[in-house]
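> In this note's numbering, the protein residues as written are 212 to 469. Before I ask anything, let me first share the structure, which is written out below as structure tokens.
Structure below.
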């Protein structure tokens, strides 16, 4: 399907800044353009993280390479390639998002890193209480559905019929819950899917109409059976009470005669 997205670290360049998108928990490498020839003339490579935080330094001395890491937030999660100076961040977190800078004696490189949270699988529920009767001239009955996700941000929630987009809703900055309704015919044989996606990943939930949708006739049959049982129980209780009253009245009359 055309809405199937590729899971990968997304790179592109805007105004000299490398734009990097990655999923939370993955590893990402910020590739330096330092060549092997240029490396021999460098005395150091510095890495800064978001808010100009000093996170690492590579220093060349007497043909030896020394690497030092500074920021405790990245403890045991950083690795620098001592040949190119490229920086790898393991088990990346959403709080690691921001602007990273690599600078040396001859160059300066910028990386704008966005870390997206892992997406939950959407949940589809059916509302049998909202069963709608067929319209005049039609034998079809409709089923109301709701696709929902919780605690998400920077995502789009969409309903698809086959490969065709039916409806969608998006959220940007805030972490909120999203719900998107859909109404389908009970006997619809088309394939429906609810898709949650961000710029680099997606989660899909396929709709099983037979499990979530019930016809009005089914509901009426269910309710008719339940109502019949309730009436039967009430009738039995009333009958027992009536017999008891009659027996009590007969005994009262006998006692008075005696």
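Note that CB positions come from ideal geometry on N, CA and C, so glycine has one too.
1) The beta strand (DSSP E) that contains residue 367, what's its start and end?
2) How would you label residue 322, buried or exposed, when you count the other beta carbons within 10 angstroms and need 16 or more for buried?
3) Count the C-beta pairs between the region 279 to 288 and the region 353 to 366 that are closer than 8 angstroms, then say yes if the count reaches three, no if not.
4) Quick check on the burial criterion: 16 or more other C-beta atoms within 10 angstroms. Buried or exposed for residue 333?
5) Any chance you could list the alpha helix (DSSP H) runs of at least 4 consecutive residues sitting entirely within the region 283 to 342, in chain order?
6) Only counting the same chain, and skipping five residues up and downstream in sequence, which positions put a Cβ closer than 6 angstroms to that of residue 362?
7) Excluding sequence positions up to five away, which residues of its chain have a Cβ less than 6 angstroms from the Cβ of residue 242?
8) Among the candidates 262, 312, 328 and 381, whose CA atom is the shortest distance from the CA of residue 256?
9) Note down, in chain order, each residue of its chain lying with its Cβ closer than 8 angstroms to the Cβ of residue 383, except the 5 sequence neighbours on either side.
10) Does DSSP put residue 385 in a helix, in a strand, or in coil?
11) Residue 370 and residue 424 look like a contact to me (Cβ under 8 angstroms); what is the Cβ gap, rounded to whole Å?
12) Smallest Cα separation from residue 295: which of 418, 268 and 230?
13) With the cut-off set at 8 angstroms, would you say residue 293 and residue 276 are in Cβ contact?
Short version:
1) Looking at the DSSP string, the run of the beta strand (DSSP E) that includes residue 367 is 366 to 372.
2) Classification for residue 322: buried.
3) Result no; under three Cβ-Cβ pairs closer than 8 angstroms.
4) Around the beta carbon of residue 333, 16 or more other beta carbons lie within 10 angstroms, which makes this residue buried.
5) Correct list: empty.
6) Counting only residues of its own chain and dropping the five nearest sequence neighbours on each side, residue 362 has a CB closer than 6 angstroms to the CB of 386.
7) Within the same chain, Cβ atoms closer than 6 angstroms to the Cβ of residue 242 are found at 297, the five residues on either side in sequence being excluded.
8) Of the listed residues, the one whose Cα sits closest to residue 256 is 312.
9) Taking C-beta separations shorter than 8 angstroms and ignoring five residues to either side along the sequence, the partners of residue 383 in its chain run 364 and 365, following chain order.
10) Coil, per DSSP.
11) Not a contact, Cβ separation roughly 15 angstroms.
12) Taking only the C-alpha atoms, the option nearest residue 295 is 268.
13) Yes, the pair counts as a contact, with Cβ atoms nearer than the cut-off.
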